[in-house]
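This report refers to the structure that appears directly beneath it.
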Amino acid sequence: MSKSNIIVQKYGGSSVANPKRIAAVAKRIVGYHKKGHDVVVVVSALGDTTDELLKLVRKITRTPSEREIDMLISTGEQISVALLAMAIHRLGYEAKSFTGAQVGIITDSTHTKARIIKINTSTIKRQLAQKNIAIVAGFQGVDVSKEITTLGRGGSDLTAVALAKALKARSCEIYTDVEGIYTADPRIEPKARKLDNVCYDEMLEMASLGAQVLQTRCVELAKRFNIPIVVKSSFTNKGGTMISPEVKAMEKVVVRAVTLNKNEVKITMRDLPDRPGVAAKIFQEIADQGINVDMIVQNISRTGYTDLSFTAAKDNLSKTLRVGRAVSAEIGGGDVIADKDVARLSIVGVGMKSHSGIAAGMFEALADNKINIEMISTSEISISCVIKKKYAVRAVRALHKKFKLDKV
Ligand code: ADP
Ligand code: ASP
Ligand code: MG
Numbered sequence: 143m144s145k146s147n148i149i150v151q152k153y154g155g156s157s158v159a160n161p162k163r164i165a166a167v168a169k170r171i172v173g174y175h176k177k178g179h180d181v182v183v184v185v186s187a188l189g190d191t192t193d194e195l196l197k198l199v200r201k202i203t204r205t206p207s208e209r210e211i212d213m214l215i216s217t218g219e220q221i222s223v224a225l226l227a228m229a230i231h232r233l234g235y236e237a238k239s240f241t242g243a244q245v246g247i248i249t250d251s252t253h254t255k256a257r258i259i260k261i262n263t264s265t266i267k268r269q270l271a272q273k274n275i276a277i278v279a280g281f282q283g284v285d286v287s288k289e290i291t292t293l294g295r296g297g298s299d300l301t302a303v304a305l306a307k308a309l310k311a312r313s314c315e316i317y318t319d320v321e322g323i324y325t326a327d328p329r330i331e332p333k334a335r336k337l338d339n340v341c342y343d344e345m346l347e348m349a350s351l352g353a354q355v356l357q358t359r360c361v362e363l364a365k366r367f368n369i370p371i372v373v374k375s376s377f378t379n380k381g382g383t384m385i386s387p388e389v390k391a392m393e394k395v396v397v398r399a400v401t402l403n404k405n406e407v408k409i410t411m412r413d414l415p416d417r418p419g420v421a422a423k424i425f426q427e428i429a430d431q432g433i434n435v436d437m438i439v440q441n442i443s444r445t446g447y448t449d450l451s452f453t454a455a456k457d458n459l460s461k462t463l464r465v466g467r468a469v470s471a472e473i474g475g476g477d478v479i480a481d482k483d484v485a486r487l488s489i490v491g492v493g494m495k496s497h498s499g500i501a502a503g504m505f506e507a508l509a510d511n512k513i514n515i516e517m518i519s520t521s522e523i524s525i526s527c528v529i530k531k532k533y534a535v536r537a538v539r540a541l542h543k544k545f546k547l548d549k550v
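Per my numbering, residue 143 is the first one in the sequence shown, and the count goes up by one each step.
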């Protein structure tokens, strides 16, 4: 990245959850402005606003239009940008708030998980030229037909990285309610340790395996364009975690973090005919509905029929069941059932590429804690197990201890 004077700062929902916090964030932003930076701020909706709006949707209908969902949930960020601008005005500084559409964040038309196609930076640049602080609503954009879109949950992170890229910012800082990226969710494992550096691949794996602290797509984008991200606390002035291409010191450490994902369900399709083409048909039909599946396990058939299990996002449960049942009926299979009482537990580390015995260590730690493993999957730099949800916290702590993640 060339060295412009622009810094992009993103403040998450908990950082602006109430008027006092908004005032504190405003003060922090003004501090950077006073140092001579051109500050572009991305803000999420206040506290749990997005969840609350989605709860309202469920009270109205179980089959909402995705266009209307976007129309609704994009309002959360519109509230926070305006309030933050006012808080900055109160301190005597110039700031202007903008929606995604106003700053030209153009996306495709995939409502609720739209992809950014391009960003017209002229509006923001004009503000910066006038020494105004630009405050942009995170998580939202607009398609070419002026339809409002959103970028998937946690999407303000993506807005920040995309703006940093488009504006050739000198840094992209993600402010949140923890001091950086930890060896485990600090809310689950009090002994979790903050990491000073994490490489893109590890962060990508951690994010996709449940560490909600950064949105997976934002890390993908940062990796693709080599944009360093710093994750910091909005409550303290500590150094945070730098996410960048590679970190040498990490090579010695094999397992870097434990993650937990409670947002997946296990789907089992029973008594499927065991013949070529069955899995292809099932997963094609599921993919056609835009549903991602993971951790696929098929049992050995003894009678010419077999059971097939896979995990999918909880949000897609009813859609997945609908498609699964239709395909099963069509091919002469049996019941399709869902188990919502599961959690996916993973260990992540780039050092795992070149070490053996890590899986055995993970399974042993779970066995010692009498935790049964229902499914297993591995990648080059991670191992995941599906376990019962009720053991999730105990399992995270057991693995954290097993791999000595509390020690430097
Ligand atoms: P924001 O509102 O700032 O976007 P999020 O709630 O999306 O914040 O993400 C921050 C939360 O992510 C933390 O409060 C923490 O509980 C959780 N988290 C999960 N895994 C990790 C991890 N490995 N390191 C840091 N935070 C984590
Ligand atoms: N408010 C949105 C959400 O809750 C976007 C974000 O917080 O990043 O998902
Ligand atoms: Mg977030």
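Where a beta carbon is used, it is the ideal one built from N, C-alpha and C, also for glycine.
All of these numbers come straight from a predicted model, not from anything done at the bench.
Query raised in the report: Is any heavy atom in the ligand ADP found nearer than 7 Å to the beta carbon of residue 411?
Result: In the sequence shown, residue 411 corresponds to position 269, counting from 1. No; taking the cut-off as 7 Å, the Cβ of residue 411 has no heavy atom of the ligand ADP nearer than that.
**Report entry** beta-carbon residue 282 near the ligand ADP non-hydrogen atom, thresh 7 Å
**Finding:** For this step, residue 282 is matched to residue 140 along the sequence shown. Incorrect: residue 282 has no Cβ contact closer than 7 Å to the ligand ADP.
Report task. Leaving out five residues on either side along the sequence, give the residues of the same chain with a beta carbon under 6 Å from the beta carbon of residue 477. Result -> On the sequence shown, residue 477 is found 335 positions in, with the first residue counted as 1. Hits under 6 Å: 412.
Requested in this report: Compute the Euclidean distance between the alpha carbons of residue 498 and residue 349, then round it to the nearest angstrom.
Outcome: Residue mapping note: residue 498 aligns to position 356 of the sequence shown, counting from 1. Residue mapping note: residue 349 aligns to position 207 of the sequence shown, counting from 1. Going from the Cα of residue 498 to the Cα of residue 349 covers about 24 Å.
Requested in this report: Rank 293, 354, 364 and 386 by C-alpha distance to the C-alpha of residue 338 and give the top, closest one.
Outcome: By one-based count along the sequence shown, residue 338 stands at place 196. Per the Cα distances, 386.
Requested in this report: State the start and end residues of the unbroken beta strand (DSSP E) segment that holds residue 284.
Outcome: In the sequence shown, the residue the question calls residue 284 occupies position 142. Element bounds for residue 284: 282-284.
Report task. Reducing DSSP to helix, strand and coil, say where residue 252 ends up. Result -> Mapped onto the sequence shown, residue 252 falls at position 110. Residue 252: coil per DSSP, three-state reduction.
Query raised in the report: Out of curiosity, what's the CA-to-CA distance linking residue 515 and residue 322?
Result: For the purposes of this step, residue 515 is identified with residue 373 of the sequence shown, where counting begins at 1. For the purposes of this step, residue 322 is identified with residue 180 of the sequence shown, where counting begins at 1. Residue 515 and residue 322 have their C-alpha atoms some 30 Å from each other.
Query raised in the report: With burial defined as no fewer than 16 other Cβ atoms inside 10 Å of the residue's Cβ, what is the status of residue 297: buried or exposed?
Result: Translated into the one-based positions of the sequence shown, residue 297 becomes position 155. That one is buried.
Query - CB contact flag (residue 284, residue 318, <8 Å) - result: Numbered from 1 along the sequence shown, position 142 holds the residue referred to as residue 284. Numbered from 1 along the sequence shown, position 176 holds the residue referred to as residue 318. No.
Query raised in the report: Cα separation between residue 262 and residue 546?
Result: Taking the sequence shown and counting its residues from 1, the one referred to as residue 262 is at position 120. Taking the sequence shown and counting its residues from 1, the one referred to as residue 546 is at position 404. When only Cα atoms are considered, residue 262 and residue 546 end up about 47 Å apart.
Report task. With hydrogens ignored, establish whether the beta-carbon of residue 299 is closer than 7 Å to any heavy atom of the ligand ASP. Result -> Within the sequence shown, numbered from 1, the residue matching residue 299 stands at position 157. Checking the Cβ of residue 299 against the ligand ASP gives yes.
Query raised in the report: In terms of DSSP beta bridges, what is residue 153 paired with?
Result: If you number the sequence shown from 1, residue 153 lands on position 11. 185 and 317, per the DSSP bridge assignment.
Report task. Tell me, please, whether the CB atom of residue 188 is closer than 8 Å to any CB atom in chain B? Result -> This model lacks chain B altogether, as it is built from one protein chain only.
Requested in this report: Please list, in chain order, all residues of the same chain as residue 494 whose beta carbon is under 8 Å from its beta carbon, the five residues on each side excluded.
Outcome: Locating residue 494 in the sequence shown gives position 352, counting from the first residue. Once the five neighbours on either side are set aside, the close Cβ partners of residue 494 are 396, 397, 500, 522, 523, 524 and 525.
Requested in this report: Mind checking who residue 418 pairs with in its DSSP beta bridge?
Outcome: Here residue 418 corresponds to residue number 276 of the sequence shown, with the count starting at 1. Paired residue(s): none; residue 418 is not in a bridge.
**Report entry** the segment 448-458 contacting the segment 531-540, beta-carbon criterion three pairs below 8 Å
**Finding:** Verdict: no, contact absent.
Query raised in the report: Measuring CB to CB, does residue 409 end up less than 8 Å from residue 471?
Result: On the sequence shown, position 267 is the one that residue 409 refers to. On the sequence shown, position 329 is the one that residue 471 refers to. No; because the gap between Cβ atoms is not below 8 Å, this pair is not in contact.
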